[in-house]
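If you're matching them up, the sequences are chains A and B in order.
Quick note on our numbering: the first sequence kicks off at -6 and runs consecutively.
Quick note on our numbering: the second sequence kicks off at 749 and runs consecutively.
A quick write-up on the structure given underneath.
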Amino acid sequence: QKEVEQNSGPLSVPEGAIASLNCTYSDRGSQSFFWYRQYSGKSPELIMFIYSNGDKEDGRFTAQLNKASQYVSLLIRDSQPSDSATYLCAVRSNYQLIWGAGTKLIIKP
Amino acid sequence: NAGVTQTPKFQVLKTGQSMTLQCAQDMNHNSMYWYRQDPGMGLRLIYYSASEGTTDKGEVPNGYNVSRLNKREFSLRLESAAPSQTSVYFCASSSTSGGVGNEQFFGPGTRLTVL
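Spelled out as structure tokens, the structure:
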């Protein structure tokens, strides 16, 4: 059974600090990795995705991949209260996305 | 451009009743998906349709059926609802089901309670 694991949190971070979210995956053959944000009562929305060939930065968000250790990280710089949400990690395995249960992030003003 | 739409937004059923959840996308995507989301658990794939005319079982298909009506529409049917099917149901679509990248876009969800 292919799995994606995330710490459920909550992870509490002061406003303006860096929030670091991690997820580990079991399928060594995975090549695409996704981070989604989900506000309470809403649907998941894509933040960014990365391929197996490198990290990616988009504004305040950076996604990093460590293939040897099989984990993916999402860094959020200059955290804002509006970043408070649950962050879902998803890993492509064959034709499906395998989802983690999400990490709840709370940004404290 | 509405993206992915779902109806209804909320539904309460009694055990044994049937219903169909509707999903439509206007992004000209080939692939569509039905997920359920339960507290403390990740999204679990119920069924997916890689392209018009095809459907395949996902991780938790028991108790559900699907129909890919055309390229735009993908419906999920509960023939005899059970309390274990109380959940939030999301429909999603993507340009294709394979390949690298290929993000999925989600509808607003249907909150279903089975009494």
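Backbone N, C-alpha and C define an ideal beta-carbon position, used for all residues, glycine too.
Along the length of the region 32 to 93 of chain A, whole alpha helix (DSSP H) runs at least 4 residues long do not occur. Taken through DSSP and simplified to helix, strand or coil, P7 (chain A) comes out as strand. For N15 (chain A), the enclosing beta strand (DSSP E) starts and ends at A12 to Y18. Secondary-structure assignment with DSSP links N813 (chain B) through a beta bridge to B:R825. When CB distances to chain A are screened at a threshold of 8 Å, the residues of the region 821 to 843 of chain B falling below it are F838, in chain order. The region 808 to 827 of chain B and the region 25 to 33 of chain A do not touch, with fewer than three beta-carbon pairs separated by less than 8 Å. Under DSSP, no beta-bridge partner is assigned to D774 (chain B). In terms of beta-carbon proximity, M775 (chain B) stays away from the interface with chain A, with every pair separated by 8 Å or more. Bounds of any beta strand (DSSP E) do not take in M789 (chain B), whose DSSP letter is neither H nor E. With contacts defined as CB atoms closer than 8 Å, S835 (chain B) and V752 (chain B) fail to qualify as a contacting pair. Residue environment analysis places V84 (chain A) among the buried positions, since at least 16 neighbouring C-beta atoms fall within 10 angstroms of its C-beta. At a cut-off of 8 Å between beta carbons, P102 (chain A) makes no contact with chain B.
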